[in-house]
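*Asks:*
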Amino acid sequence: MIETPCLVDQYCHGTLRTELGLGTFEAHLARSEGPPAPGTTFFDTQTGFAVRRWCPPLLGLEPHCPPARYLARRREVGVLEAGRMLLRGSGITTYLVDTGLPGDLTGPGEMASTGAAEAHEIIRLELLAEQVADTSGTVESFLTNLAESVHGAAVNAVAFTSVAGVRHGLALAPEPPGPGEVRGAAGRWLADRKVGGTLTDPVLLRHLLWIAVASGLPLQLHAGLGEPGPRIDSADPVLLTDFARATAGLGTDLVLLHGYPYHRHAAHLAAVFPHVYADLGAELVRTGARAAAVLAEVLELAPFGKLLFSSGAHGLPELHVVGARLFREALSRVLGTWVAESSWSLADAQRVAGLIAAGNARRVYGLEQSAQR
Amino acid sequence: MIETPCLVDQYCHGTLRTELGLGTFEAHLARSEGPPAPGTTFFDTQTGFAVRRWCPPLLGLEPHCPPARYLARRREVGVLEAGRMLLRGSGITTYLVDTGLPGDLTGPGEMASTGAAEAHEIIRLELLAEQVADTSGTVESFLTNLAESVHGAAVNAVAFTSVAGVRHGLALAPEPPGPGEVRGAAGRWLADRKVGGTLTDPVLLRHLLWIAVASGLPLQLHAGLGEPGPRIDSADPVLLTDFARATAGLGTDLVLLHGYPYHRHAAHLAAVFPHVYADLGAELVRTGARAAAVLAEVLELAPFGKLLFSSGAHGLPELHVVGARLFREALSRVLGTWVAESSWSLADAQRVAGLIAAGNARRVYGLEQSAQR
Amino acid sequence: MIETPCLVDQYCHGTLRTELGLGTFEAHLARSEGPPAPGTTFFDTQTGFAVRRWCPPLLGLEPHCPPARYLARRREVGVLEAGRMLLRGSGITTYLVDTGLPGDLTGPGEMASTGAAEAHEIIRLELLAEQVADTSGTVESFLTNLAESVHGAAVNAVAFTSVAGVRHGLALAPEPPGPGEVRGAAGRWLADRKVGGTLTDPVLLRHLLWIAVASGLPLQLHAGLGEPGPRIDSADPVLLTDFARATAGLGTDLVLLHGYPYHRHAAHLAAVFPHVYADLGAELVRTGARAAAVLAEVLELAPFGKLLFSSGAHGLPELHVVGARLFREALSRVLGTWVAESSWSLADAQRVAGLIAAGNARRVYGLEQSAQR
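Chains as they are written, first to last, in the working numbering: chain A, 1 to 373; chain B, 1001 to 1373; chain C, 2001 to 2373.
See the structure below:
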């Protein structure tokens, strides 16, 4: 029917190199501010059920086997070999890897070799700024080094990503901050800061966004579901409307990550602004059996050339598997239904499936070019 | 099964009288702040696919034929004859036409004759005010002429419509502005204004709404999806709650146009306030293959006597066709499923279908009466 | 297939003891600020259609019979016997009854005997405070009596409920108010108050919430759809994020009632905070034929051990019936589909169904214990 032989995971992280027990594995299935409630488990979530559906068969077990049995088998196989079996079974052919999260995670090179796939790096702006701050003595050197670092990173990376929405909320002033404002904010931040201190200052977050925009590389913005910290409506992508307007026509694409539960807002922005794209990431992995329904909601307003698959996976190769399998099944079901209802032609459905699975990402990130490097 | 032989399009615009090339046609398929992104086309949207599904057969082509082939056929037939074939094939029996948009668009009379249907006029309040301002010398004459114009327009029109939500956002103070406030705002606006200048002053926008309310004619308020300019949440119909409360019991009905992606909010207001109605317009045309799903969401809270069909079409008769066909198919599918599941009786489903397609609009706009004039 | 032999209705009210005419019955089918619009009826709503589907057969009539026929039969049977037939036909095995609404409503004891079920009381905090105010002479005695009343009520009740969200909106300061602040607010409220006057002061509403939190009993918070008064977005459960964070780890569970149309936000909070739960109540009764679709949306993010069935019924035993029947059918359809698609295993589906129908409520409210008292 509707197949997607190529699959570009346009936003994910690496996988953990350490063996995991039941508890540490379970902790990666949810984004919670605490442990599971008494009498409950994170396995009893759409993500948990999706992992139990798709992953056991890749390790030679029956689907939906109990978590303890799956974890035992995973340890028996070993974390490296399990990672190989899972990633190679995911169907993902290219990984774009955000290397900005802490932990003993595999990088793009290892993702590529383990997964028998291509891989490219996405640079997290806030981490870059923190690293520059760790090594810069003065405000002037910090700001100079920051600009150089961003532009230097742009040479090898395929995209920048910003968690300004998670750190401060997306209700940031849309225009670039003035030089004096930036210098003042940098001075205050550096003065208070200990090595490794995180960047949450809104002026510096905006400054970073605008340096990234100037680089011309696509800029991925976290919106909607993300870290549990802030009130979720502070990450409503609709708050990016004025930033989108301010960056229109500059030649840099914006990619709204995640979006859910505001995915219709993200799709709307992708429809209104030529340089704005919407991602399907975390919302599929988090909603599991509902992935097709959520995908269909995104497909209401988002132009078909403006939508990008990702897994948003972090830590567990199981999440890359689940992201890819849920996406493929959801896409095939949704588009297949529309073909069956005569709403779409089969040829159109196949073409659009190819765009969302890989074609749009290749075009936005210039991947064919980079493959030839 | 569930049929709707009468179809009142309770909100649409006229169609363009000029021949269209591929690019100008395509531009009418989206509401974007720019051209399609490089490598993409507005034909690759739900609206584009819906046009390609429903319209080619009306011009003697196979469904889903390529856009260039459809446009070639359209030019071969000629814009007037194509308009006739399309409008007559839409199944719409009455058009309520907002005549307040610029461009070489057909008016209600021409819509009626081209479409072999009835047609009535909807007056756009802001345009009326701008026209009055063009010909009034003083604040006093402007305000007097404005009141007279609104009341005069109410004689022949079936409704007023306001784009205050698009011009300023729906977070307007709910009560009528005081006379001094209105005079001050009018003075400032007229002093700064050049001929043709648009009305965006919130005091005057509210003043207009209240003159319209006093006329007793139904008042249609743009909400949700509309022009791309403002942040979409500034057009959330929930912002009209206090205005709805302020106008309750005055005898004037409010019709919330579009609504999507806040259509559940619009349905809620239609449930809470006896004089508030919800429209199905743009959301069906914009979401295409998802029209049944969106319609079903509106049918969660909206009382069945408070929901009105429209196409929201503008410029292309293809959009009237798509609005009508998507609506009929969606309604038949949604209600038919509920009948098949025994949730609804068939008799109820047929009766409700008739209400949403035409009966509610006839009652709200007094259409039987006007047909007898 | 997927059955739920036990059903704990974790939030409802009693039923009216008086015979009802067509008009008074109809008035209970909607939450409106006025009578039905001219030419419409509240029977033409999802709730009305659901009542006509499920209730006539319990009184010996065919489903979907006309409202007048159903009401005639109901009067023929008599209000007490009809209540018995309806409640016993609902399938509900335990009622948790909020006794804080005015009117001649049955209490938990009568619900238990009429429905051949268990029943427990939920205490409405604001009513309790009003009753204490009616009998307290000074600010000091009011505050002392209030604390004693809440702690006394906690002995026999299974939960507290608060309508702070309906009275003032959920955008309350998250921390407990200071003692001086509380004393000042109490003084002002008591000075202005006549006997029976309602509590809307935000400081006292917060004070009440925090006394309740200290009791350790689960605290149910109204959110989303409720009384028609306030703007619905003032009851968006996302506004409770900071209160949830402030009460984390204190050992008291929060249950977000209703939620719709913000049920995805409620589900998100239930996923993020170990002590937060989400309710399915009013949204199923209000959306009728769409109950399965709405339930499925809640099941996207809500962990399966964090979701609780309720009917939210008030006044009419028909609403308890409809709540229970819609829930069972929706749950069976949604989970059954996922099993059919191989997304879930049948064993998991049956287990999760049991949790949402009864198991989660038993655990949260300690119902097995209380049954043994």
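Each residue gets a CB set at the ideal place from its N, CA and C atoms; glycine is no exception.
Hey, V375 (chain A) and H222 (chain A): beta-carbon distance below 7 Å or not?
*Replies:* The question about residue 375 (chain A) has no answer here: the residues shown for chain A are numbered 1 through 373.
*Asks:* Can you tell which of C:F2049, C:Y2365, C:L2101 and C:G2023 has the C-alpha that lies nearest to the C-alpha of S1342 (chain B)?
*Replies:* Here the closest residue by C-alpha is C:F2049.
*Asks:* In terms of residue numbering, what span does the beta strand (DSSP E) encompassing R124 (chain A) cover?
*Replies:* First-last of the beta strand (DSSP E) with R124 (chain A): E118 to R124.
*Asks:* Look up V2097 (chain C) in the DSSP assignment and give the residues it is bridged to.
*Replies:* V2097 (chain C) is bridged to C:C2012 and C:E2121.
*Asks:* Rounded to whole angstroms, what's the CA-CA distance from G169 (chain A) to V155 (chain A)? Just pull it up for me.
*Replies:* Near 29 Å, if we compare the C-alpha coordinates of V155 (chain A) and G169 (chain A).
*Asks:* Expressed to the nearest angstrom, what Euclidean distance is found between the alpha-carbon atoms of G1091 (chain B) and G336 (chain A)?
*Replies:* Approximately 28 Å, taken between the alpha carbons.
*Asks:* Between which residues of its own chain and G229 (chain A) is the CB-CB distance below 7 Å, once the five residues before and five after are set aside?
*Replies:* Correct list, in chain order: V166.
*Asks:* Just to confirm before moving on: does the CB-CB distance between G2097 (chain C) and G2014 (chain C) stay below 7 Å?
*Replies:* It is worth fixing the name first, because residue 2097 (chain C) is Val in this sequence and not Gly. Yes, these two residues count as a Cβ contact at 7 Å.
*Asks:* Cα separation between D134 (chain A) and P35 (chain A)?
*Replies:* Each residue's Cα considered, the two are about 33 Å apart.
*Asks:* Based on the DSSP secondary-structure assignment, which residues constitute the bridge partners of V255 (chain A)?
*Replies:* Note: V255 (chain A) sits in a beta bridge opposite A:Q220 and A:Y277.
*Asks:* Can you find the residues in the same chain that come closer than 6 Å, C-beta to C-beta, to Y2070 (chain C), ignoring five residues on each side of it along the sequence?
*Replies:* Excluding residues within five positions, the ones whose Cβ falls inside 6 Å are P2056.
*Asks:* By how many angstroms is the C-alpha of V213 (chain A) removed from the C-alpha of A30 (chain A)?
*Replies:* In a straight line, the C-alpha of A30 (chain A) is about 32 Å away from that of V213 (chain A).
*Asks:* Residues of chain C with CB closer than 8 Å to the CB of R167 (chain A), please, in chain order.
*Replies:* Those within 8 Å of R167 (chain A) in chain C number zero; the least Cβ separation is about 16 Å.
*Asks:* What are the residues of the segment 1014-1037 of chain B that lie near chain A, defined by any Cβ-Cβ distance shorter than 9 Å?
*Replies:* Cβ contacts with chain A come from A1030, R1031, S1032, E1033, G1034, P1035, P1036 and A1037.
*Asks:* With DSSP run on the structure shown, which of helix, strand or coil describes L2105 (chain C)?
*Replies:* Three-state DSSP puts L2105 (chain C) in a strand.
*Asks:* If we cut at 7 Å on Cβ distances, does F953 (chain B) have a partner in chain A?
*Replies:* Look at the range of chain B in this structure, 1001 to 1373, and you will see that residue 953 (chain B) is not part of it.
*Asks:* Assuming F2309 (chain C) is part of the beta strand (DSSP E), what are its boundary residues?
*Replies:* It is not in any beta strand (DSSP E) - F2309 (chain C) carries neither H nor E in the DSSP assignment.
*Asks:* What does a CB cutoff of less than 7 Å around G2089 (chain C) pick up in its chain, not counting 5 residues either side in sequence?
*Replies:* Only L2058 and V2321 meet the Cβ criterion.
*Asks:* Quick one: which unbroken alpha helix (DSSP H) runs of 4-plus residues sit fully inside the segment 37-67 of chain A? Chain order, please.
*Replies:* Listed in chain order, they are 46-54.
*Asks:* Does chain C have any CB closer than 7 Å to the CB of D44 (chain A)?
*Replies:* D44 (chain A) counts as touching chain C.
*Asks:* Check whether the Cβ of V1195 (chain B) lies closer than 7 Å to any Cβ atom in chain C.
*Replies:* No, V1195 (chain B) does not count as interfacial toward chain C.
*Asks:* When the cut-off is 7 Å and only beta carbons count, does G1281 (chain B) lie next to chain A?
*Replies:* Closer than 7 Å: no.
*Asks:* If we cut at 7 Å on Cβ distances, does A1072 (chain B) have a partner in chain A?
*Replies:* No, A1072 (chain B) does not count as interfacial toward chain A.
*Asks:* Classify E329 (chain A): buried if its beta carbon has 16 or more other beta carbons within 10 angstroms, exposed otherwise.
*Replies:* Buried.
*Asks:* Rounded C-beta distance between V163 (chain A) and Y277 (chain A)? I'm assuming under 8 Å.
*Replies:* So it is not a contact: roughly 18 Å between Cβ atoms.
*Asks:* Taking the beta strand (DSSP E) that T2161 (chain C) falls in, what are its first and last residues?
*Replies:* Its beta strand (DSSP E) spans residues A2159 to S2162.
*Asks:* What ranges does the alpha helix (DSSP H) occupy inside the segment 1177-1245 of chain B, keeping only unbroken runs of at least 4 residues that lie completely in it?
*Replies:* Segments of the alpha helix (DSSP H) lying fully in the segment 1177-1245 of chain B: 1179-1192 and 1202-1215.
*Asks:* Quick one: does Q369 (chain A) have its CB under 7 Å from some CB of chain B?
*Replies:* Any reading at Q369 (chain A) must be qualified, since the residue scores a pLDDT of 44, below 50, and its modelled position is unreliable; no value is offered.
*Asks:* Are any of the Cβ atoms in chain A nearer than 7 Å to that of F1049 (chain B)?
*Replies:* It does; some Cβ of chain A falls within 7 Å.
*Asks:* With which residues is G1315 (chain B) paired in a DSSP beta bridge?
*Replies:* Paired residue(s): B:T1015.
*Asks:* Around the C-beta of P2261 (chain C), are 16 or more other C-beta atoms found within 10 angstroms, so that it is buried, or is it exposed?
*Replies:* Buried.
*Asks:* For chain C, check one thing: does any of its Cβ atoms lie closer than 7 Å to the Cβ of H268 (chain A)?
*Replies:* No, H268 (chain A) does not count as interfacial toward chain C.
*Asks:* Residues in the same chain with beta-carbon distance under 7 Å from G2187 (chain C), minus the five sequence neighbours each way, listed in chain order, please.
*Replies:* Here the set comprises V2139.
*Asks:* Provide the residue span of the alpha helix (DSSP H) that contains H28 (chain A), from first to last.
*Replies:* Counting along the chain, H28 (chain A) falls outside any alpha helix (DSSP H), and DSSP gives it neither H nor E.
*Asks:* Taking R1290 (chain B) as part of the alpha helix (DSSP H), name the residues at either end of that continuous run.
*Replies:* No alpha helix (DSSP H) contains R1290 (chain B), which DSSP labels as neither H nor E.
*Asks:* Is the separation between the beta-carbon of L256 (chain A) and that of P237 (chain A) shorter than 7 Å?
*Replies:* Yes, Cβ-Cβ distance for L256 (chain A) and P237 (chain A) is below 7 Å.
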